[in-house]
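A.B. asks:
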Amino acid sequence: MAITSNTTPSDQNFALFEGSSIKQFIIEQLNKGGIFIDQQYLGSNLNAFIDIIAVMLQQLQFHFNTSATENTFATASLYENMNKLVSLFNYKPNGKQTSILPISILASLSSNNKIGTFLIPRYSFINYNKSFILRNDLVFSSLLNEETEINDILYQGSLTESDIFLTSGEEFQVITLIDNNIKTDNGRFITDNFFDVYVKEPNGKWVQYEEVKSLFESKGNDKVFERRLNENYNYEFKFGNNINGYKPVENSEIIIFYVISDGSSAEVGDGLINNTELFLYNSTKFQEIIMDTTTGIFDILPAYITPNDLKYIKVSNTGYSTPVSAVESVDIIRNNVPKIFASQNRLLNEQDYITYINKMFNNFVKDCYVFSNSEYTGSYLKYFYNIGLDAPNDDPRVALNQVTFQSSCGFNNVYVALLPLINTIINDKIPNYVNTNLKQYIVEGLNSYKDIAHNIAPIDPIYKAVSFGIIRADNNSLPEHFEDVQLVLVRDKYSNFNSDYITSQATSVFNNFFNNVKLGATIDISLLSAQLAQIPGVIDIKMQDGTNETDKLTFIVWNPLYEENDFTITQQNILLSPFMFPYFYDLRNINSKMIVINE
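Quick note, the working numbering runs 519 ahead of the 1-based positions in the sequence shown.
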């Protein structure tokens, strides 16, 4: 049957989004040629081929017009435009994330003659100026005359229940969460890292839906949702179509539990929360949900903690709370999108792990290095043998990470050296490490992306302290008074720049270098020497300790935990292993270790 039309599309119709106009235009052009006739029949191969061409052109035109607002992905500068562009790649920008607090819960229910298995319900919280909330149910055993310790994390903020949303029965329904009661001028915001979605099914039971990175990786009966921060800084929740993710039945109730953060004003220092009381969250909807979502989950339902039990449960923090993180910027999005898209939401190689850790946990991880089991044994563990340990797990940090995270069959371990963002060096002298609870948080966050055979094993970096040194005959160990060594900057006697200016510039040289180093950095003495020599008024550099003097910039470099086993003094550059991190010992007071003398 021939296609007939009473309308003649203009020559410009092919530029529209609508595929049928593109098809009609192609058919008309073939008709004018008078050579082909099969295009007029719907069942012909040529007509089917035209359908394919029309759809392809429609898609290309759509993408062209979508990106035309700011020309291209590479040049977009406004968040709104960048957000829309990267949505084409299913990229989900990070929103603001609240502070996370590593904690230890000490339960002594046996003191109240309670023995057995108990459950601390999700959303229980503590108050320390502000609220800190437990995300998941905690199940533990109470034994006779024994205390039980549980390690976990809390999220800072106020738990909030959304209004009830009713499903429309449409495929891929999108619900937008907007909280008009938040006053952003006081630093409060909806946190990106805490959303729980519950749907009330036709049988009257609440079911918790699981968040997934993409609905198109889900089966039709998977009760999941996809979440995204849109261009207006509001969160969208998308549900399935019974092919990719389950489609909630029409008029089902949906409620979202989320956290409103109090911002950076609620961040907590190490050890400030000590034996604090736990409180139970309660609301009418929550009571329905907790019963529906725990019944049938356990073989034997644990006993719920009661208000009377709370005095036997105390909470203490085991580390600093993580800092609040900002919305992912346009430049960061531009840098991340190609890497995330290339990985296809899978962690298969070292770069995949590094990309996802830097994106997902940049509020408490400063840098990371990922390596295989062979590199771990051939370089990381070998280091401890080289400095004289009988076995690497004689080091307490190695032993702790091995027991906590590593599988007994080590060849499938993926080792991740994590450098903390918070107080990387305590008081500029003492190395710090990522809290064990936060390491577990990283492992759980990456598990849904990793290869099934991988076991993620966080480890700690090896720190190398750096300070001014001086070459002497007895340089066999770290000098007892190494902090007395001074950098001498020789000033041109005709210079117009005074000693204070020169000291200030030299301090900036060291601050700029050591504040920006990463794992595996080169301790670049040549670069530092050149930058010091370029300071106006400086004509020479020396080292002295009151008795001895050395020409050229000289460093002592040592492991602060094994200073007798790992120590060197050098005037040459040092390339560190990828799992090592250098820091200048007592950098904040480096200006007191410099003197300026006239030639």
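Quick reminder that beta carbons are idealized off the backbone N, C-alpha and C, glycines included.
What residues in its chain sit with their C-beta under 6 Å from that of ILE572, if we drop five residues either side in the sequence?
C.D. replies: Closer than 6 Å at Cβ, skipping near neighbours: no residue.
A.B. asks: Pick out the complete alpha helix (DSSP H) segments inside the stretch 747 to 832, 4 residues or longer, and give them in chain order.
C.D. replies: 803 to 813
A.B. asks: Along the alpha helix (DSSP H) that carries ARG916, what are the first and last residues, could you check?
C.D. replies: 915 to 924
A.B. asks: Just tell me which of ARG1010, PHE1032, VAL962 has its CA closest to the CA of ALA1052.
C.D. replies: Ranked by how close their Cα comes to the Cα of ALA1052, the residues ARG1010, PHE1032, VAL962 have ARG1010 in first place.
A.B. asks: If you count every other CB in all the chains shown that lies within 10 Å of the CB of ASP1013, and 16 or more means buried, which is it?
C.D. replies: The residue you asked about is not Asp; residue 1013 is Tyr in the sequence shown. Counting Cβ neighbours within 10 Å, TYR1013 comes out exposed, since fewer than 16 surround it.
A.B. asks: Spatial neighbours of ASN1067 within its chain, please: CB distance less than 6 Å, with the 5 preceding and 5 following residues excluded, ordered by chain position.
C.D. replies: ILE989, ARG991
A.B. asks: Rounded to whole angstroms, what is the Cα-Cα separation between ALA918 and PRO911?
C.D. replies: 8 Å
A.B. asks: Considering only the beta carbon of each residue, do LYS766 and GLU690 sit closer than 8 Å?
C.D. replies: yes
A.B. asks: Pick from ILE634, TYR1081, LEU940: whose alpha carbon is nearest that of ASN1034?
C.D. replies: LEU940
A.B. asks: Put VAL856 into one of helix, strand or coil per three-state DSSP.
C.D. replies: helix
A.B. asks: For a test of the three-state rule: what should DSSP assign to ASN1117, helix, strand or coil?
C.D. replies: strand
A.B. asks: Give the single residue among PHE544, GLU847, ASP979 whose Cα lies nearest to the Cα of TYR899.
C.D. replies: Of the candidates PHE544, GLU847, ASP979, the one whose C-alpha sits nearest the C-alpha of TYR899 is ASP979.
A.B. asks: State the start and end residues of the unbroken beta strand (DSSP E) segment that holds LYS1061.
C.D. replies: 1057 to 1063
A.B. asks: Over what stretch of residues does the beta strand (DSSP E) that includes GLU730 continue unbroken?
C.D. replies: 725 to 730
A.B. asks: Should VAL718 and ILE773 be called a contact, given that it needs their Cβ atoms to be closer than 8 Å?
C.D. replies: Yes.
A.B. asks: Can you tell me whether PRO950 is buried or exposed, with buried defined as 16 or more other CB within 10 angstroms of its CB?
C.D. replies: buried
A.B. asks: What does the alpha-carbon distance come out to for the pair VAL496 and ILE1075?
C.D. replies: Only positions 520 to 1118 of the chain appear in this structure, which leaves residue 496 out of reach.
A.B. asks: Contact check, VAL787 vs THR710 under 8 Å by CB: the rounded distance?
C.D. replies: Not confirmed; about 16 Å, so no contact.
A.B. asks: Assuming contact is defined by CB atoms lying nearer than 8 Å, are VAL693 and GLU755 in contact in what I supplied?
C.D. replies: Cβ atoms of VAL693 and GLU755: closer than 8 Å.
A.B. asks: Report yes if the CB atom of LEU662 is closer than 8 Å to the CB atom of SER629, and no otherwise.
C.D. replies: Annotated as proximal: LEU662 and SER629, with beta-carbon spacing under 8 Å.
A.B. asks: Could you check if GLU847 is buried or exposed, using at least 16 other CB atoms within 10 Å of its CB as the buried criterion?
C.D. replies: Of the residues assessed, GLU847 falls on the buried side of the cut-off, its CB having 16 or more other CB atoms within 10 angstroms.
A.B. asks: So the candidates are ASN1078, THR1069, ASN648; which of them puts its Cα closest to the Cα of SER780?
C.D. replies: ASN648
A.B. asks: So within the stretch 945 to 1018, which uninterrupted beta strand (DSSP E) runs reach at least 3 residues, ignoring any that extend past its ends?
C.D. replies: 974 to 978, 981 to 987, 1005 to 1010
A.B. asks: Got a sec: is the Cβ-Cβ distance from ILE876 to anything in chain B below 8 Å?
C.D. replies: The structure shown contains no chain B; it is built from a single protein chain.
A.B. asks: Excluding sequence positions up to five away, which residues of its chain have a Cβ less than 6 Å from the Cβ of PRO821?
C.D. replies: THR636, PHE637, LEU638, VAL658
A.B. asks: The beta strand (DSSP E) spanning VAL658 covers which residue range?
C.D. replies: 657 to 661
A.B. asks: Count the C-beta pairs between the stretch 958 to 973 and the stretch 850 to 867 that are closer than 8 Å, then say yes if the count reaches three, no if not.
C.D. replies: Output reads yes: the stretch 850 to 867 touches the stretch 958 to 973.
A.B. asks: Since ASN712 and GLN616 should fall inside the 8 Å C-beta cutoff, what is the C-beta to C-beta distance between them, to a whole number of angstroms?
C.D. replies: 5 Å
A.B. asks: Could you say which of ASN664, LEU607, PHE644, SER650 lies nearest to ASN632 if we only look at CA atoms?
C.D. replies: ASN664
A.B. asks: Are ASP947 and LEU1106 closer than 8 Å when you measure CB to CB?
C.D. replies: yes
A.B. asks: With DSSP as the reference, label GLY562 as helix, strand or coil.
C.D. replies: GLY562 falls in the coil class under three-state DSSP.
A.B. asks: In this structure, what does DSSP give as the bridge partners for MET1099?
C.D. replies: ILE981
A.B. asks: Would DSSP call GLN863 helix, strand or coil?
C.D. replies: coil
A.B. asks: Determine the burial state of ASN590: buried for a count of at least 16 other Cβ atoms within 10 Å of its Cβ, exposed for fewer.
C.D. replies: Unreliable positioning characterises ASN590 in this predicted model, as indicated by a pLDDT of 49, which lies under 50. The coordinate reading is nonetheless provided below. By the 10 Å Cβ count, ASN590 comes out exposed.
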